[in-house]
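Numbering (the UniProt record's numbering), first residue to last: 1 to 104.
The beta-carbon is built from N, C-alpha and C at its ideal position, and this holds for glycine as well.
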(Lines of atoms letter the chains of each structure in order from A and count residues from 1; the text may use other names and numbers.)
(Lines give C-alpha, C1' and ligand atoms only; values in the text may rest on other atoms or scores of the structure.)
Protein backbone atom coordinates (compact mmCIF):
# COMPACT_ATOMS: atom_id res chain seq x y z
CA UNK A 1 0.00 0.00 0.00
CA UNK A 2 1.29 3.46 -0.81
CA UNK A 3 1.68 6.23 1.76
CA UNK A 4 -1.76 7.15 3.05
CA UNK A 5 -1.14 9.89 5.60
CA UNK A 6 -0.19 13.37 4.41
CA UNK A 7 1.71 14.25 7.59
CA UNK A 8 3.79 12.09 9.90
CA UNK A 9 5.97 14.65 11.72
CA UNK A 10 5.50 18.01 13.39
CA UNK A 11 7.46 19.68 10.60
CA UNK A 12 5.11 18.12 8.01
CA UNK A 13 2.15 19.54 9.91
CA UNK A 14 3.71 22.99 10.24
CA UNK A 15 4.50 23.00 6.50
CA UNK A 16 0.93 21.99 5.66
CA UNK A 17 -0.52 24.65 7.94
CA UNK A 18 1.78 27.30 6.43
CA UNK A 19 0.83 26.29 2.86
CA UNK A 20 -2.81 26.62 3.84
CA UNK A 21 -2.17 30.04 5.37
CA UNK A 22 -3.78 29.06 8.67
CA UNK A 23 -3.03 30.20 12.20
CA UNK A 24 -2.25 27.45 14.70
CA UNK A 25 -5.45 28.07 16.66
CA UNK A 26 -7.66 27.77 13.58
CA UNK A 27 -5.84 24.73 12.22
CA UNK A 28 -5.90 22.75 15.46
CA UNK A 29 -9.41 23.80 16.57
CA UNK A 30 -10.90 21.94 13.62
CA UNK A 31 -9.66 18.62 15.02
CA UNK A 32 -10.35 19.48 18.68
CA UNK A 33 -6.72 20.07 19.71
CA UNK A 34 -5.77 23.20 21.63
CA UNK A 35 -3.38 25.70 20.08
CA UNK A 36 -0.79 25.00 22.77
CA UNK A 37 -1.09 21.24 22.22
CA UNK A 38 -0.73 21.70 18.47
CA UNK A 39 2.30 23.91 19.00
CA UNK A 40 3.97 21.17 21.02
CA UNK A 41 3.30 18.64 18.25
CA UNK A 42 4.75 21.02 15.66
CA UNK A 43 7.94 21.47 17.68
CA UNK A 44 8.75 17.84 18.31
CA UNK A 45 6.38 16.24 20.81
CA UNK A 46 5.27 12.76 19.79
CA UNK A 47 2.04 13.01 17.81
CA UNK A 48 -0.62 10.41 18.63
CA UNK A 49 -1.65 8.34 15.63
CA UNK A 50 -5.26 9.37 16.21
CA UNK A 51 -4.28 13.02 15.73
CA UNK A 52 -2.43 12.18 12.51
CA UNK A 53 -5.53 10.38 11.30
CA UNK A 54 -7.75 13.38 12.07
CA UNK A 55 -5.34 15.72 10.27
CA UNK A 56 -5.55 13.56 7.18
CA UNK A 57 -9.34 13.34 7.30
CA UNK A 58 -9.74 17.09 7.89
CA UNK A 59 -7.04 18.45 5.58
CA UNK A 60 -6.10 15.70 3.12
CA UNK A 61 -7.31 15.45 -0.45
CA UNK A 62 -10.85 14.14 -0.70
CA UNK A 63 -9.88 10.96 -2.53
CA UNK A 64 -7.23 10.01 0.04
CA UNK A 65 -9.49 10.89 2.98
CA UNK A 66 -12.31 8.81 1.50
CA UNK A 67 -9.95 5.86 1.02
CA UNK A 68 -8.74 6.12 4.61
CA UNK A 69 -12.32 6.36 5.90
CA UNK A 70 -13.20 3.24 3.92
CA UNK A 71 -10.22 1.45 5.47
CA UNK A 72 -11.33 2.57 8.93
CA UNK A 73 -14.80 1.21 8.38
CA UNK A 74 -13.41 -2.07 7.04
CA UNK A 75 -11.02 -2.44 9.97
CA UNK A 76 -7.85 -2.14 7.84
CA UNK A 77 -6.55 1.25 9.04
CA UNK A 78 -4.70 -0.18 12.02
CA UNK A 79 -2.19 -1.64 9.58
CA UNK A 80 -1.77 1.73 7.85
CA UNK A 81 -1.21 3.61 11.10
CA UNK A 82 1.19 1.01 12.52
CA UNK A 83 3.42 1.39 9.45
CA UNK A 84 4.21 5.02 10.26
CA UNK A 85 7.92 5.17 10.92
CA UNK A 86 10.10 7.72 12.62
CA UNK A 87 8.54 9.39 15.63
CA UNK A 88 9.39 13.09 15.99
CA UNK A 89 12.25 13.70 18.37
CA UNK A 90 11.56 15.52 21.61
CA UNK A 91 14.24 18.05 22.45
CA UNK A 92 15.24 17.74 26.07
CA UNK A 93 17.42 20.17 28.00
CA UNK A 94 20.72 18.74 29.22
CA UNK A 95 20.95 18.59 33.01
CA UNK A 96 23.30 21.14 34.50
CA UNK A 97 26.58 19.99 36.03
CA UNK A 98 25.52 21.23 39.47
CA UNK A 99 22.78 18.59 39.62
CA UNK A 100 25.33 15.80 39.24
CA UNK A 101 27.70 16.96 41.94
CA UNK A 102 26.62 15.37 45.20
CA UNK A 103 27.38 16.95 48.52
CA UNK A 104 30.02 14.99 50.44
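Are there 16 or more other CB atoms within 10 angstroms of the CB of residue 32, so buried, or fewer, so exposed? With fewer than 16 other Cβ atoms from the protein chains shown falling within 10 Å of its own Cβ, residue 32 counts as exposed.
Is residue 33 helix, strand or coil when you go by DSSP? coil
I'd like to know whether the C-beta atoms of residue 52 and residue 65 end up nearer to each other than 8 Å. no
Could you check the C-alpha separation between residue 48 and residue 10 for me, to the nearest Å? Distance between the alpha carbons of residue 48 and residue 10: 11 Å.
Unbroken alpha helix (DSSP H) run spanning residue 45, endpoints: No alpha helix (DSSP H) contains residue 45, which DSSP labels as neither H nor E.
Quick one: using the 10 Å Cβ neighbour count with 16 as the cut-off for buried, is residue 42 buried or exposed? buried
For residue 8, does the count of other Cβ atoms within 10 angstroms reach 16, so buried, or fall short, so exposed? Buried.
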